[in-house]
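Report on one structure; see the data block that follows.
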Amino acid sequence: MQVTAAENNMQKLLSEMKNQKNRNARFRTVISLILNGEEYSFEGEVKGEILHQKTGNDGFGYDPIFKPIGYDQSFAEMTMAQKNEISHRGMAVKKLLHFLSHHS
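Heads up, the sequence shown is in my numbering, so the first residue is 2 and it goes up one at a time.
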């Protein structure tokens, strides 16, 4: 079985954080829009922590080692519906769509 770049990155992060007490982390998305010469930014963020080992099989990237605040599962253990409720990308897109609906 071939090891992916994402898997290598996760293992490197876990190795480098092995003895760290502060495991705080966050996913952040920023969407930028230039409209009529004006620049606008729309941000979504999910705060959480880096786990000590991978849990779960779904998702992608760092999902198996990221547990959002207020949840007892990693992103990789959540259903797509659960993850979409708190998605940093989804938050940023919702803000963009709200802005566009009021500025069209």
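Don't be surprised by glycine CBs; every beta carbon is placed ideally from N, CA and C.
What residues in its chain sit with their C-beta under 8 Å from that of residue i, if we drop five residues either side in the sequence?
i: P69; result: V47, K48, G49, F76 and I87
i: R1; result: Outside the modelled stretch of the chain, which goes from 2 to 105, sits residue 1, for which no answer is possible.
Which residues does DSSP pair with residue i in a beta bridge?
i: A26; result: G49
i: I35; result: E40
i: P69; result: G49
Less than 8 Å between the C-beta atoms of residue i and residue j, yes or no?
i: H99; j: L36; result: no
i: Y63; j: M11; result: yes
i: G45; j: A93; result: yes
i: F43; j: K84; result: no
Our contact map puts residue i next to residue j with C-beta atoms below 8 Å; I'd like the distance itself, whole angstroms only.
i: E78; j: G57; result: 4 Å
i: A26; j: F61; result: Contact flag wrong, Cβ pair sits at about 16 Å.
i: F28; j: I51; result: Not really, about 11 Å apart at Cβ, beyond 8 Å.
Tell me which residues share the same chain as residue i and place their Cβ nearer than 6 Å to its Cβ, disregarding the 5 neighbours each side in the sequence.
i: L14; result: none
i: S33; result: S42
i: R59; result: At residue 59 the sequence reads Asp, which differs from the Arg that was named. For D59, where only same-chain residues beyond five positions count, the Cβ hits under 6 Å are A77.
i: N20; result: none
Which residues in the same chain as residue i place their Cβ atom closer than 7 Å to its Cβ, once the five residues preceding and following it in sequence are excluded?
i: R24; result: M18, E50 and I51
i: S102; result: none
i: K55; result: M11, P65 and I66
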